[in-house]
Amino acid sequence: MSSNTATIEDQRQKTSFKFTEAILPGVDIQMELKNIMISTKSEYQEVDVIETTFGKMLVTDGKTQSAQMDEYVYHEALVHAPLIKAALDSNGNGPKSVFIGGGGELATAREVLRHKCVERVVMVDLDAKVVEVCKKYLPEWGGEEVANNERMELIIGDAYAYLNNCTEKFDAIIMDISDPIEAGPGIMLYTQEFYSHAKSLLNENGVFVTQGGMADGISKPNNIEPGSDEDFQAYAAITNTLDTVFDCVVPYAVNIPSFGSDWGFVMAFNTNADDKKKDVQAFTNIDETKIDAMVEKNIGVDVLKYYDGLSHRRMCTLTKPLRESMKKDTRIMTKDNPVFMY
Numbered sequence: 001m002s003s004n005t006a007t008i009e010d011q012r013q014k015t016s017f018k019f020t021e022a023i024l025p026g027v028d029i030q031m032e033l034k035n036i037m038i039s040t041k042s043e044y045q046e047v048d049v050i051e052t053t054f055g056k057m058l059v060t061d062g063k064t065q066s067a068q069m070d071e072y073v074y075h076e077a078l079v080h081a082p083l084i085k086a087a088l089d090s091n092g093n094g095p096k097s098v099f100i101g102g103g104g105e106l107a108t109a110r111e112v113l114r115h116k117c118v119e120r121v122v123m124v125d126l127d128a129k130v131v132e133v134c135k136k137y138l139p140e141w142g143g144e145e146v147a148n149n150e151r152m153e154l155i156i157g158d159a160y161a162y163l164n165n166c167t168e169k170f171d172a173i174i175m176d177i178s179d180p181i182e183a184g185p186g187i188m189l190y191t192q193e194f195y196s197h198a199k200s201l202l203n204e205n206g207v208f209v210t211q212g213g214m215a216d217g218i219s220k221p222n223n224i225e226p227g228s229d230e231d232f233q234a235y236a237a238i239t240n241t242l243d244t245v246f247d248c249v250v251p252y253a254v255n256i257p258s259f260g261s262d263w264g265f266v267m268a269f270n271t272n273a274d275d276k277k278k279d280v281q282a283f284t285n286i287d288e289t290k291i292d293a294m295v296e297k298n299i300g301v302d303v304l305k306y307y308d309g310l311s312h313r314r315m316c317t318l319t320k321p322l323r324e325s326m327k328k329d330t331r332i333m334t335k336d337n338p339v340f341m342y
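Under the UniProt record's numbering, the sequence shown has 262 at position 262, and the numbering climbs by one with no breaks.
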C-alpha cells in the first residue's frame, strides 16, 4: 500500500505544472505551480500572482518579488534595522517621518507603521497595477488597511522624480525597488547622483537603506572575476557607491528561500564620530538586549517574526566568500556608468 502511494505521489510530482525562474546564468529555481490567481500586464511590466510551494507569490516580469512563506524575513530586515538605528540615535523618540520608494506590495509600509513613533509615511510606487493587484490578491502583505492608514500617503508616481522635486526631509528613506536591470525603471535609483540627493533629504541622525540584490559571493559561474564587466551581481557596487556619499555604510544580508539565495541590503548614515569605522562596528556588534528593548518600546512584544537583537547581529555578519568577493569589486554606479544585475 505504502509503495503504491509513493509511486502515485512520484507521478504527481512529475506531471504537475512548475514555476521556473532563472536566478543565475545556467541556474534556475523551480517549484510546483498550484494556481495562477491573476496574470496581467501593466504599463511597465507583467504582473502575476501565483500559488506555489511557498504559498502566494508576487511575480513581475518572471522574477519573484515576494512569497507568502518568507516575505516577512525580507521586509522586517529591510525596515527594522534602519528604523531601530534611527530610534537608538534619538533615544526612542524617532523616527517620525519615513519615505518609501517602491514597495508596491505594501508590506514595507506595513512594517514601518508598526513603529509607534512614526507619524508620517510617504510611499511612492511607479506601478498602480501592482499596488491594486496586491491589495486585492495579497491582503496579508498589508492591503487596504495599510493603504488607508491615516499616517500613510500613497502616491503613484516616479520615486526618482518625486525626490528630485521634494523639499520635505525625512528621518529615514527606504528604497524597496526593482533590481538595477538594463532598461528597467529603477536603474537611476542606484546611482551616486541619486544617493547624494537622497542624503540631502535626511534629517539629523537620518538613515538610508536600499535592497541590494543577491548576496552570496559564490555564485559567479565560469570563474567570473568580481567587479568585471561579466559580474551580474550589484551588491558590492551598491555598497561601494553609497560609501562615496555617506560617512558610514552597513551591508547586511538574510536568507530568502523563495529567492534561492541570500539577499543583501545596504544601510547608510552620517556620523559626528571621529572614528567612522568604530561607529559602524558599534551598530553591527551592538548588544542584542539594546535592540530587543528598543523593539519592545517602539513596536511591542512578540510582534515581529524575524528581526530581533540576535538576528540583527547575524544579518550584519557577512560570510567570508561574500566579504572576499566584495573586496575585489571596486565598481561605482553612476548615471553614465550603471551596473546591471542578471
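Glycine included, each C-beta is placed from N, C-alpha and C at the ideal position.
- For Asn164, no beta strand (DSSP E) run applies; the uninterrupted alpha helix (DSSP H) run containing it begins and ends at Ala159 to Asn164, by DSSP.
- A Cβ-Cβ distance of about 5 Å is found for the pair Ser97 and Asp171, placing them in contact under the 8 Å criterion.
- Per DSSP, Val49 is one residue of the beta strand (DSSP E) stretching across Glu46 to Thr52.
- In the structure shown, Met333 falls within a coil segment according to DSSP collapsed to helix, strand and coil.
- Rounded to whole angstroms, Val209 and Phe269 show a C-alpha spacing of 9 Å.
- Look at Met57 here: in three-state DSSP terms it is strand.
- Here Ile36 carries a strand assignment [DSSP, helix/strand/coil].
- No Cβ-Cβ contact shorter than 8 Å links Gln233 with Gly206.
- In this structure, DSSP gives Val245 a state outside helix and strand, which the three-state scheme calls coil.
- Between Asp329 and Ala215 a beta carbon distance of about 12 Å is seen, past the 8 Å cut, so the two are scored as non-contacting.
- Counting C-beta pairs with one atom in each stretch, the segment 64 to 77 and the segment 145 to 164 have fewer than three that are closer than 8 Å, which means they do not touch.
- Listed in chain order, the non-local C-beta contacts of Cys248 below 6 Å within the same chain comprise Phe269, Thr271, Lys276, Asp279 and Val280, local neighbours out to five positions each way being set aside.
- DSSP, reduced to helix, strand and coil, places Thr289 within a helical segment of the structure shown.
- Around Glu21, the same chain offers Asp28, Ile29, Gly62, Lys63 and Thr64 as residues with beta carbons nearer than 7 Å, after the five sequence neighbours per side are excluded.
- Closest in alpha carbon position to Glu111, among Thr244, Trp141 and Val250, is Trp141.
- The three-state secondary structure of Asp125, taken from DSSP, is strand.
- Contact annotation, Ile177 with Phe99: C-beta distance approximately 12 Å; criterion of less than 8 Å not satisfied.
- Looking from the CA of Glu144, the closest CA among Ile155, Lys305 and Val131 belongs to Val131.
- Collapsing the DSSP output to three states places Ala107 in a helix.
- With a 10 Å radius around the Cβ and a threshold of 16 neighbouring Cβ atoms, Thr40 comes out exposed.
- Residues Lys305 and Tyr306 of the same chain have their beta carbon placed closer than 7 Å to that of Tyr72, with the five preceding and five following residues left out of the count.
- In the three-state reduction of the DSSP assignment, Asp171 falls in the strand class.
- Judged by their CB atoms, Val118 and Gly101 are not nearer to each other than the 8 Å cut-off.
- If you draw a 10 Å sphere on the C-beta of Ile36, you find fewer than 16 other C-beta atoms in it, and that means exposed.
- When the five nearest sequence neighbours on each side are left out, the beta carbons in the same chain lying within less than 6 Å of the beta carbon of Thr60 are those of Gln45 and Val47, in order along the chain.
- Boundaries of the beta strand (DSSP E) harbouring Lys18: Lys18 to Leu24, taken from the DSSP string.
- One Cα belongs to Tyr160, the other to Leu189, and the distance between them is close to 6 Å.
- Taking the Cα positions, Phe19 is about 8 Å away from Thr52.
- By the criterion of a C-beta distance shorter than 7 Å, Cys166 is surrounded in its chain by Leu201, once the five residues flanking it on both sides are discounted.
- Distance from the Cα of Leu78 is smallest, within the candidate group Val254, Ile156, Phe246 and Leu24, for Val254.
- Between Met326 and Pro180, the gap from beta carbon to beta carbon reaches 8 Å or more.
- When DSSP states are grouped into helix, strand and coil, Asn148 belongs to the coil group.
- Distance from the Cα of Arg120 is smallest, within the candidate group Asp89, Leu154, Leu138 and Lys135, for Leu154.
- Per DSSP, Ala215 is not a residue of any alpha helix (DSSP H), being assigned neither H nor E.
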